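Following: one structure in structure tokens, then a few remarks.
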Amino acid sequence: MNLAGRRCVVIGGGPVAERKATMLAEAGAVTVVISPNVTEGLQRLHQEREQVVWIQREYQQGDLAGAFLAFAATDRPEVNAAVAAEAEAEGIPMNDAGEGTRGSMITPGVLRRGGLVVAVSTSGAGPTAARELIREIDEHFGEDYERYIDFLSSARAFIKERIDDPGRRKRLFRRLAETDILTSIREGSFEPWSEAAMIAWIEEQTEE
Ligand SMILES: C[C@@]1(CC(=O)O)C2=NC(=C\c3[nH]c(c(CCC(=O)O)c3CC(=O)O)Cc3[nH]c(c(CC(=O)O)c3CCC(=O)O)/C=C3\N/C(=C\2)[C@@H](CCC(=O)O)[C@]3(C)CC(=O)O)/[C@H]1CCC(=O)O
Ligand SMILES: NC(=O)c1ccc[n+]([C@@H]2O[C@H](COP(=O)([O-])OP(=O)(O)OC[C@H]3O[C@@H](n4cnc5c(N)ncnc54)[C@H](O)[C@@H]3O)[C@@H](O)[C@H]2O)c1
1 MNLAGRRCVV IGGGPVAERK ATMLAEAGAV TVVISPNVTE GLQRLHQERE QVVWIQREYQ
61 QGDLAGAFLA FAATDRPEVN AAVAAEAEAE GIPMNDAGEG TRGSMITPGV LRRGGLVVAV
121 STSGAGPTAA RELIREIDEH FGEDYERYID FLSSARAFIK ERIDDPGRRK RLFRRLAETD
181 ILTSIREGSF EPWSEAAMIA WIEEQTEE
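So for the sequence shown, full-length UniProt numbering puts the first residue at 1; every next one is plus one.
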């Protein structure tokens with residue numbers, strides 16, 4: 001989801017709200033936190049980032065106006081329920097941190113390795129298990145994978161720029177995915193492809 005410049009509203013200012021707001025701010029969202037008090041982390045985020053706004057008061061009906069996404073993370077179930085009702089009425093996707101199944105979306109555990117994003121959800125059954133699984137996956141996808149994704153990204157951009165024919169593009173993308181670059185990265189023998197190497201590779205695939 002591209003949240004850059006989108007208004008996202010977080011109701012509540014505790015550690016859970018801080019986690020959601022941090023994730024939103026990192027995604028470039030205009031992040032509005034509404035809560036009478038906030039954690040030190042949230043205060044810092046608000047001071048350091050122009051795009052993070054803190055409105056120091058309790059939630060009021062209408063606070064979700066213009067929101068692209070809404071998050072309720074107060075410690076008061078009746079407040080979270082009121083936020084959920086407003087979101088529902090306004091058609092705004094909403095996350096309820098205190099009662100996962102009430103919201104229309106849940107936040108998964110997330111692992112990022114450059115362009116690689118792995119999300120793990122237990123559908124609300126065990127958030128701690130989701131985090132443990134992320135840790136395990138983290139051990140399997142080291143920096144090698146980040147380099148591989150960077151390679152794929154630049155090779156793909158190159159092909160898109162040079163090849164117009166959709167059928168030929170598709171074949172090249174498939175060949176690219178089949179090419180075992182990861183092993184050479186892992187063995188330390190991988191050299192980033194120059195433009196000439198890329199052109200030669202494309203020609204080789206076309207000849208076969
Ligand atoms: C993955 C992660 C992502 C994130 O939050 O960004 C996430 N919870 C995380 C941590 C965490 N959650 C809880 C603790 C305390 C220890 C414990 O109880 O285990 C800790 C640990 C901590 O806080 O350090 C308790 C808890 N969580 C929920 C409830 C209410 C309920 O069950 O409905 C309660 C009981 C509250 C109570 O009873 O007081 C609900 C949700 N939590 C979800 C996600 C969604 C389901 C995800 C899934 O499994 O699919 C869902 C449904 C809604 C949502 O928030 O989206 C993040 C790990 C981030 C990381 O560190 O990497
Ligand atoms: N989803 C998750 O990952 C997760 C993890 C732990 C706990 N929880 C649940 O989320 C809730 C919040 O957790 P926390 O640790 O951040 O709680 P917390 O008690 O530290 O913070 C609650 C925040 O809500 C604010 N608040 C209270 N009433 C408000 C109102 N009317 N309007 C706006 N803000 C209001 C408070 O000022 C405070 O900043 C917990 O009660 C728990 O049920 C969820």
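For every residue, glycine included, the Cβ atom is placed at its ideal position computed from N, Cα and C. Predicted model, so just to flag it, every value in this text is computed and none were measured.
Report yes if the CB atom of ILE202 is closer than 7 Å to the CB atom of TYR148, and no otherwise. no
Within 8 Å, do at least three Cβ pairs link the segment 63 to 77 to the segment 87 to 107? yes
Can we count ALA97 as close to ligand 2, meaning its CB is less than 6 Å from some heavy atom? yes
On the premise that ALA4 lies in contact with GLY28, defined as a C-beta separation below 8 Å, what is that separation, rounded to the nearest angstrom? 4 Å
Please report how far the alpha carbon of VAL53 lies from the alpha carbon of ALA25, in whole angstroms. 10 Å
Can you tell me whether LEU69 is helix, strand or coil according to DSSP? strand
Cβ-based burial, GLU18 [other Cβ within 10 Å; buried from 16]: buried
Please name the residue in LEU45, GLY14 and GLY115 whose C-alpha comes closest to that of ARG76. GLY14
Alpha-carbon spacing of GLU78 relative to TYR59, whole angstroms: 11 Å
Which term fits ALA129, buried or exposed, when burial requires 16 or more other beta carbons within 10 angstroms of its beta carbon? exposed
Hey, ILE163 and ARG169: beta-carbon distance below 7 Å or not? yes
Strand pairing of THR31, partner residues [DSSP]: CYS8 and VAL52
Determine the contact status of ILE134 and VAL117, defining contact as a CB-CB distance below 7 Å. no
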